Ligand SMILES: Cc1cc2nc3c(=O)[nH]c(=O)nc-3n(C[C@H](O)[C@H](O)[C@H](O)COP(=O)(O)OP(=O)(O)OC[C@H]3O[C@@H](n4cnc5c(N)ncnc54)[C@H](O)[C@@H]3O)c2cc1C
């Protein structure tokens with residue numbers, strides 16, 4: 012028989028925090044999730060302006076294919092089969108300002124033909140690249156659950172791909188793009204901040220897309236995180252918003268609870284931090300349990316940049332355009348005094364009817380920046396200049412949008428700009444990062460330890476534990492952490508048991 016479960020407090024109701032709460036609850040733990048913002052979701056969010064909803068996160072959800080192991084894991088935390096996924100034939104279109112264009116198709120035969128037609132001089136590189144994508148289409152993900160024997164058995168086929176995986180994780184997307192002579196093809200691999208991650212990420216994205224395993228869920232982030240939050244509450248988890256944790260309480264090198272900003276103490280037998288890693292280690296724990304390895308990682312690893320998002324409500328049907336268009340610019344766009352970009356991407360959400368009224372389109376444009384101090388300082392100390400800067404960036408983006416689709420400017424009825432200051436206010440991510448650690452040759456894809464040296468009954472999860480971040484990192488790190496907690500407490504980790512008990516008894520298990 013399982014021993015009496017212990018009380019778990021989770022800091023942060025992003026994807027990781029909510030998944031951990033569901034797993035812990037299913038294993039019988041009383042769970043409270045504390046979220047500083049007014050609503051759950053963290054980075055996986057969208058917001059309403061007038062008749063439009065502006066999506067900030069979701070391009071794709073890995074695991075949309077019912078036969079993929081990741082799909083089975085999503086089923087453990089919410090009813091993913093209720094989502095409707097969209098799979099665009101033309102995934103991305105790369106365009107120059109003089110209307111030259113290159114289509115990146117989801118179907119790999121069609122993609123190869125298009126690349127060869129467009130850039131025959133790059134044939135050798137094109138065929139090598141497509142070969143890599145095709146190889147990884149059949150590369151299994153490391154087993155995400157099950158016994159160690161099962162994980163070992165499914166891990167073996169991965170060995171076959173090890174040299175390719177290593178090669179692709181040792182070169183950035185930008186550097187890989189330089190192997191091609193064609194400017195549009197180079198542009199596809201990115202330029203500047205957005206292209207500093209290992210090209211492996213792009214190759215996997217194409218492979219998952221080709222396999223129909225990275226669909227866009229209609230309803231975007233809200234359709235996913237809203238369902239997970241609802242599920243959590245239905246199975247008896249407590250989700251408190253507007254509850255900002257100031258300190259993790261420690262006694263005898265054991266986490267024993269948290270202190271909120273308003274002075275409230277909450278006791279716990281386990282504390283799991285699903286909040287930003289830097290704040291957790293150096294703020295909430297005051298740097299007392301960092302240890303040399305974590306100190307080194309936090310000094311040398313590179314986070315993803317922060318971003319501005321210009322969102323436009325357009326009273327026009329734009330469904331004749333590709334839903335994701337990268338425009339290579341003749342002149343750089345000035346994002347802030349330290350940041351310029353030479354390409355911008357527009358997302359035209361005509362494939363999601365929940366985001367705009369019929370005949371209208373929600374459009375977004377994400378601009379990376381590392382100049383977080385600039386935006387935070389303006390937002391805090393000079394609101395007028397802050398608004399003026401937002402307006403300037405919006406005007407530049409609108410001018411480029413109108414140059415691309417002449418006359419579209421007149422149909423814009425809503426303009427919204429979020430900045431790194433918004434990201435920090437809503438998610439507290441270190442340096443306003445959009446996705447935690449970049450995958451680089453230094454990081455590889457190996458997760459960071461979920462524990463801190465010398466601190467008991469404490470675990471860390473989420474995008475700061477798994478380089479590359481993304482929604483799956485929340486689920487995977489949460490699942491592993493709860494399994495570890497169960498093992499230590501002598502409790503069976505059985506994420507499906509709760510459902511069976513609940514269904515059979517028509518209520519929560521005792
Ligand atoms: C533009 C953009 C596009 C993206 N596209 C995709 C995509 O297509 N597919 C994909 O899978 N991923 C995508 N991602 C990445 C994905 O959104 C993130 O990696 C993921 O949501 C991170 O989840 P998390 O739970 O680890 O962290 P977060 O979402 O950052 O959650 C942390 C939570 O902790 C809370 N918190 C922090 N400090 C405290 C405190 N002291 N007290 C209480 N609460 C606290 C925060 O408010 C936040 O809610 C994208 C991200 C961005 C920004």
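Residue numbers (the numbering used here): 12 to 521. The beta-carbon is built from N, C-alpha and C at its ideal position, and this holds for glycine as well. Since the structure is predicted, the reported quantities are computational estimates derived from the model, not experimental observations.
- A distance below 8 Å separates the beta carbons of residue 52 and residue 236.
- Going by DSSP, residue 429 is part of the beta strand (DSSP E) stretching over 423 to 429.
- Rounded to the nearest angstrom, the Cβ distance from residue 489 to residue 34 is 6 Å, consistent with a contact under 8 Å.
- By a beta-carbon distance limit of 8 Å, residue 19 contacts residue 279. Their separation comes to about 6 Å.
- By the criterion of at least three beta-carbon pairs nearer than 8 Å, the stretch 358 to 367 is in contact with the stretch 220 to 240.
- Just so you know, the alpha carbons of residue 291 and residue 138 end up roughly 45 Å apart.
- Annotated three-state conformation of residue 116 is strand, per DSSP.
- Of all C-beta pairs linking the stretch 87 to 97 to the stretch 396 to 403, fewer than three are shorter than 8 Å, placing the two stretches out of contact.
- Residue 352 has 344 as its beta-bridge partners, per DSSP.
- Assignment of beta-bridge partners to residue 324 by DSSP yields 373, 425.
- By DSSP's assignment, residue 448 forms a beta bridge with 314.
- For residue 506, the CB contacts under 7 Å within the same chain, skipping 5 residues up- and downstream, are 34, 37, 87 in chain order.
- The alpha-carbon of residue 487 is positioned some 12 Å away from that of residue 285.
- Counting only residues of its own chain and dropping the five nearest sequence neighbours on each side, residue 446 has a CB closer than 7 Å to the CB of 315, 474, 480, 481.
- Straight-line measurement puts the Cα of residue 432 at about 9 Å from the Cα of residue 391.
- With a cut-off of 8 Å on Cβ pairs, the stretch 165 to 184 is in contact with the stretch 204 to 221, counting three or more such pairs.
- Residue 52 carries a strand assignment under DSSP once its states are collapsed to helix, strand and coil.
- Taken in chain order, the complete alpha helix (DSSP H) segments of 4 or more residues contained in the stretch 72 to 154 are 80 to 88, 119 to 129, 134 to 148.
- Bounds of the alpha helix (DSSP H) holding residue 389 are 383 to 392.
- Residue 345 counts as exposed, since fewer than 16 other C-beta atoms from the protein chains shown sit within 10 angstroms of its C-beta.
- With fewer than 16 other beta carbons inside 10 angstroms of its own, residue 170 counts as exposed.
- In this structure, residue 117 sits away from residue 96, with a CB-CB distance that is not shorter than 8 Å.
- For residue 477 against residue 458, the beta-carbon gap comes to about 5 Å, under 8 Å, which counts as contact.
- Note on residue 330: under 16 other CB atoms within 10 angstroms of its CB, so exposed under the neighbour-count rule.
- Out of 351, 112, 225, 502, the CA that lies nearest to the CA of residue 82 is found in 225.
- Burial check for residue 322: the Cβ neighbour count within 10 Å reaches 16 or more, so the residue is buried.
- The C-beta of residue 460 has fewer than 16 other C-beta atoms within 10 Å across all chains shown, which makes the residue exposed.
- Taking the CA atoms as reference points, residue 132 sits about 8 Å from residue 192.
- Of the residues assessed, residue 56 falls on the buried side of the cut-off, its CB having 16 or more other CB atoms within 10 angstroms.
- In this structure, the C-beta of residue 498 stays at least 7 Å away from each heavy atom of ligand 1.
- Judged by the Cβ position, residue 67 qualifies as a neighbour of ligand 1 at the 7 Å threshold, a heavy atom of the ligand being closer than this.
- Looking from the CA of residue 217, the closest CA among 382, 72, 254 belongs to 72.
- Here residue 270 is not near residue 255, since their CB atoms are 8 Å or more apart.
- As a beta-bridge residue in DSSP terms, residue 357 pairs with 336, 376.
- Residue pairing by DSSP places residue 467 opposite 265 in a beta bridge.
- DSSP places residue 228 within a strand segment (E or B) once states are collapsed to three.
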